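Numbering (this note's numbering), first residue to last: 312 to 635.
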Ligand code: PBG
């Protein structure tokens, strides 16, 4: 390998046109999935305080948002629901007339070409805010599986194009696959939140969804942040259970995990650029402490460079606008 002075890496950096031609990673609006928070009622559009530009929307207000997403060339949305009321078993999650099921029907009718992905979890729907049901003060893994499978099936029946289990219950992908297959939804893919860490970066989401656990935390079921091998093991298990896409979440503090997952497996890898990552960029840029646009592009490019095939991001609309 030649070195200085015959090699001068700066030669390719001197002019924009060459820099662009040797650019290794390029973002496209088609890489992105835009998360949306849907709620009951009419004419509701409540901004989520720590997430400027992101709203809880009632179904009538959702439609213009969907039109914008389609116009911007964003191919997919990921839906989260805020139920009318919460209970111990999260029953609105698997109610055919639940908010998510209604939202799916409304969106598929308005924009059939938009891929509608639905989050499969109980935490938005339970009064205790945990991702499964509680038995003796702890989340009961196996009893929660039935309800998660019912939720996924109910979403598929409403027209969801892809279900995305995020509860971190062991065996959830297998339980969902078998429920879907048993009802002839063999073609409905599963995007599993396989490597979901017990992260501080979900704080703003929990404000948005009202899903902060009422007692304890999620460390008993989400991955401990120091662990990387464990994430690969989770991903491997989910692939074996039938996951079609695997996810690493959050993204920015786990770029090594994204990269390892991409190298270790051939299954497509999604990365979730979560609420806290969004909030930090927005807060700093509103204070003019960083250039928000440049920082956003840099972060999202890094997530793609690390190996993400799909990026779930609250910045999707911004980035699609900047790229167009
Ligand atoms: C539900 C779920 C969470 C997120 C996505 N699905 C929250 C959690 O585990 O507390 C977080 C997304 C974000 O922070 O943007 N289990």
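Cβ coordinates follow ideal geometry from the N, Cα and C atoms, glycine included. Remember, predicted model here, so these are calculated numbers, not experimental data.
To the nearest angstrom, how far is it from the Cα of residue i to the Cα of residue j?
i: residue 617; j: residue 567; result: 7 Å
i: residue 541; j: residue 625; result: 27 Å
i: residue 458; j: residue 412; result: 15 Å
i: residue 435; j: residue 591; result: 23 Å
i: residue 492; j: residue 476; result: 16 Å
i: residue 514; j: residue 595; result: 17 Å
i: residue 381; j: residue 343; result: 12 Å
i: residue 593; j: residue 629; result: 12 Å
i: residue 339; j: residue 379; result: 16 Å
i: residue 599; j: residue 363; result: 15 Å
i: residue 408; j: residue 392; result: 12 Å
i: residue 383; j: residue 627; result: 9 Å
Given residue i, which residues of its chain have a CB within under 7 Å of its CB, disregarding the five upstream and five downstream residues?
i: residue 474; result: 429, 431, 463, 466, 467, 487, 499 and 501
i: residue 421; result: 374 and 377
i: residue 370; result: 349, 413, 414 and 417
i: residue 517; result: 523
From the DSSP output, in three-state form, read off residue i for me.
i: residue 523; result: coil
i: residue 350; result: strand
i: residue 398; result: strand
i: residue 443; result: coil
i: residue 497; result: coil
i: residue 533; result: coil
i: residue 552; result: helix
i: residue 436; result: coil
i: residue 516; result: helix
i: residue 449; result: strand
For residue i, I'd like the list of residues in its chain whose CB is within less than 6 Å of its CB, leaving aside the five on either flank, ordered along the chain.
i: residue 286; result: A query on residue 286 cannot be resolved here, the shown segment of the chain reaching from 312 to 635 and no further.
i: residue 347; result: 388 and 390
Hey, quick one: how far does the alpha helix (DSSP H) through residue i stretch, first residue to last?
i: residue 462; result: 452 to 469
i: residue 332; result: 327 to 332
i: residue 591; result: 586 to 597
i: residue 335; result: Careful: residue 335 lies outside any alpha helix (DSSP H) and carries neither H nor E.
i: residue 624; result: Unbroken run through residue 624 is the beta strand (DSSP E), 621 to 624; no alpha helix (DSSP H).
i: residue 575; result: 566 to 575
i: residue 475; result: Taken as a continuous stretch (DSSP letters only), residue 475 belongs to no alpha helix (DSSP H), being part of the beta strand (DSSP E) at 473 to 476.
i: residue 292; result: Because the chain in this structure spans residues 312 to 635, residue 292 falls outside the shown range and cannot be described.
Taking the beta strand (DSSP E) that residue i falls in, what are its first and last residues?
i: residue 364; result: 362 to 369
i: residue 505; result: 502 to 507
i: residue 387; result: 387 to 393
i: residue 430; result: 426 to 431
i: residue 357; result: 356 to 359
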